[in-house]
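Going by the numbering used here, the first residue of the sequence shown is number 1421, and it counts up by one from there. Idealized CB from N, CA, C, for every residue including glycine. Everything numeric in this text was worked out from a predicted model, so none of it was measured. Shown next, in structure tokens, is the structure this report addresses.
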Amino acid sequence: MKILGAQIASFNEQEALNHQKQFSYLRDQLGSKGVNVDRLIRKIANLQIAIPSWALGAGGTRFGRFSYAGEPGNLEQKLEDIGTLHALTRAAGAVSLHIPWDIPEDYSALRQQAAELGIVFDAVNSNTFQDQKDQEHSYKFGSLCHTSKAVREQAIAHNKEVIDIGERLGSKSITVWLADGASFPGQHNLRGALVNTLNSLREIHDYLPDDWRMFIEYKPYEPNFYSTVIQDWGTSYLLANECGDKAYTLVDLGHHLPNTNIEQIVATLMMQGKLGGFHFNDSKYGDDDLTVGSIKPYQLFLIFHELVYGMEQNIADNPPLAWMIDASHNVKDPLEDLIQSLEAIRLAYAQALIIDQTSLLAAQDQNDPVLAQEVLQEAFRTDVRPLLQEARLRSGGVLQPIAAYRQFQIRKQLISERGKTTVATGL
Ligand code: PSV
Ligand code: MN
């Protein structure tokens, strides 16, 4: 499945007039407020978000999974799909591999394919939350936290192997998410489990090549329902600090109890220079893995406000963040869902970039919450979609990715190439 430059050009031609009208209106509007629109567009175009290798097929719930026809049947096809997303949006120039769901067979061929599609290998993800065929010890009662040294060693060895795989692909980071926890009070020695986890993470950290980073992801509950060893950002931060300079906290939007102030977590972590990565999704009740921006777009905007502030001020030398979509596509075409996610992320980013920071700081200084809210909402309520379109246009993508995806009949082509019954690896 290859999208041709000519297809993109002719699609954009149909939309050009409309876009020009909307873009020049916005350009004047922002220009009159002193915004450098070209600089803004460059920043938007530079925001590249990794697509996880497990997100190209249908997701599921514990009650069932409804397969999506034309799903990629192997890693090469997954990369192809990311290539399609990137060709349309120019926003998906990275892939995040999950091991062992997607262990490469031919490394140099995969690297070459990725390079041709303009895709880099972002963080690799380890998996000690499932048992694999022929695995010696079970993770049923935990992995890095386990009471048995043999289990912990097996889990540490797996993480080291994931780093080795990532090295061969050009990745520079590993994300560790643990399902480790207890479902019943008394099941765990809470302190003992944390100490074991810390010691295991230290070993993984010390194995990292010099230019690598380790991201420690937290989650309050699920699959364990009484306690999770790395339950919150504070625990992750503590572990990252104890491990050393290459360890950072990773924030997954879905991994918070309802109404948690995630933007404040971002501000705190960036103040300490310890925010490493971000997983995007949205939720109404828990870790629902819905499309980012579909439920709480204002929260997403406020989070990006802190991210932009943190990146621009960067007093604590926080490294560039690893961005990844981490959602599950149960009822939507996964590729369409990912396009919507990419759009929502860039939208919130663009809205945050146009916040009048000087007026906001002045309102804060004068303790004027009314004015502060006015400043924030002025940016949030500005329709910045023409900026995103212009960023895509300038980088060779399409003006309207969902419309183009449907007009090009991409899913239909994928089904005719791959058939109706292929199933992508993942959850
Ligand atoms: C866990 O809920 C998580 O967010 C982790 O990032 C995993 O790697 C991913 O989802 C897929 O299970
Ligand atoms: Mn995640």
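query                                                                                                                                                            : result
Quick check on S1836: buried or exposed, where buried means 16 or more other Cβ atoms within 10 Å of its Cβ?                                                     : exposed
As a quick exercise: from R1588, Y1769 and E1637, pick the residue whose alpha carbon is nearest that of T1802.                                                  : Y1769
Count the C-beta pairs between the segment 1470-1486 and the segment 1812-1827 that are closer than 8 Å, then say yes if the count reaches three, no if not.     : no
What runs of the beta strand (DSSP E), each 3 residues or longer, lie entirely inside the segment 1487-1527?                                                     : 1514-1516
Comparing the CB of W1653 with every heavy atom of ligand 1, is any distance shorter than 8 Å?                                                                   : no
Can you list, in chain order, the stretches of the beta strand (DSSP E) that have 3 or more residues and sit fully within the segment 1622-1698?                 : 1633-1637 and 1667-1672
Return yes when the C-beta of D1554 is under 8 Å from any heavy atom of ligand 2, and no when it is not.                                                         : no
In the segment 1455-1483, which residue ranges form an unbroken alpha helix (DSSP H) of at least 4 residues, counting only runs that do not cross its ends?      : 1457-1466
What are the boundary residues of the alpha helix (DSSP H) that A1742 is part of?                                                                                : Unbroken run through A1742 is the beta strand (DSSP E), A1742 to I1745; no alpha helix (DSSP H).
Take every Cβ of the segment 1557-1565, pair it with every Cβ of the segment 1495-1511, and state whether three or more of those distances are shorter than 8 Å. : no
Consult DSSP for S1836 and reduce its assignment to one of helix, strand or coil.                                                                                : helix
List the whole-angstrom C-beta distance separating Q1442 from P1754, where the pair is believed to meet the contact cut-off of C-beta under 8 Å.                 : Not really, about 29 Å apart at Cβ, beyond 8 Å.
In chain order, what residues place their C-beta within less than 5 Å of a heavy atom belonging to ligand 2?                                                     : D1672, H1699 and D1746
Would L1537 pass as a contact of E1500 if the rule is Cβ separation under 9 Å?                                                                                   : yes
Have a look at P1640 and N1432 and give me their C-alpha separation to the nearest angstrom.                                                                     : 45 Å
In whole angstroms, what is the alpha-carbon distance linking Q1777 and A1747?                                                                                   : 31 Å
How far does the beta strand (DSSP E) with L1595 in it extend, from its first residue to its last?                                                               : Going by the sequence as given, residue 1595 is Thr instead of Leu. That run of the beta strand (DSSP E) goes S1593 to W1597.
Taking 9 Å as the threshold (C-beta atoms), are I1624 and V1596 in contact?                                                                                      : yes
If you compare alpha carbons, which of E1810, G1697 and I1539 is closest to H1439?                                                                               : E1810
Relative to the C-alpha of T1655, which candidate in L1460, L1424, L1614 and H1749 has its C-alpha closest?                                                      : L1614
In the DSSP assignment, find the unbroken alpha helix (DSSP H) run with Y1729 in it and report its ends.                                                         : P1717 to Q1733
Using the Cα positions of Q1833 and K1840, report the straight-line distance between them to the nearest angstrom.                                               : 11 Å
How long is the line joining the alpha carbons of L1585 and L1658, rounded to whole angstroms?                                                                   : Before going further, note that residue 1585 is Ile rather than Leu in the sequence given. If I take the Cα positions, the gap works out to 27 Å.
For F1800, which of helix, strand or coil comes out of DSSP?                                                                                                     : helix
Excluding five sequence neighbours on each side, which residues of the same chain lie with their C-beta closer than 8 Å to the C-beta of S1593?                  : D1542, A1543, V1544, G1586, W1632, R1633, M1634, F1635, G1696, G1697 and A1742
What first and last residue would you give for the alpha helix (DSSP H) that runs through Y1769?                                                                 : P1754 to L1773
Given this structure, state the Cα-to-Cα distance separating I1685 from Q1434, to the nearest angstrom.                                                          : 44 Å
What did DSSP end up calling N1545 once you bin it into helix, strand or coil?                                                                                   : strand
Is D1707 near ligand 1, with its Cβ less than 8 Å from a heavy atom?                                                                                             : yes
Any idea what DSSP makes of G1425, helix, strand or coil?                                                                                                        : helix
Ends of the alpha helix (DSSP H) at Q1574?                                                                                                                       : K1569 to L1589
Between which two residues does the alpha helix (DSSP H) harbouring Y1825 extend?                                                                                : P1821 to Q1827
Say the cut is 8 Å; is the CB of P1754 nearer than that to a heavy atom of ligand 1?                                                                             : no
Which of helix, strand or coil does DSSP assign to D1448?                                                                                                        : helix
Please list the terminal residues of the continuous alpha helix (DSSP H) segment that includes E1556.                                                            : From DSSP, E1556 is part of no alpha helix (DSSP H); its letter is neither H nor E.
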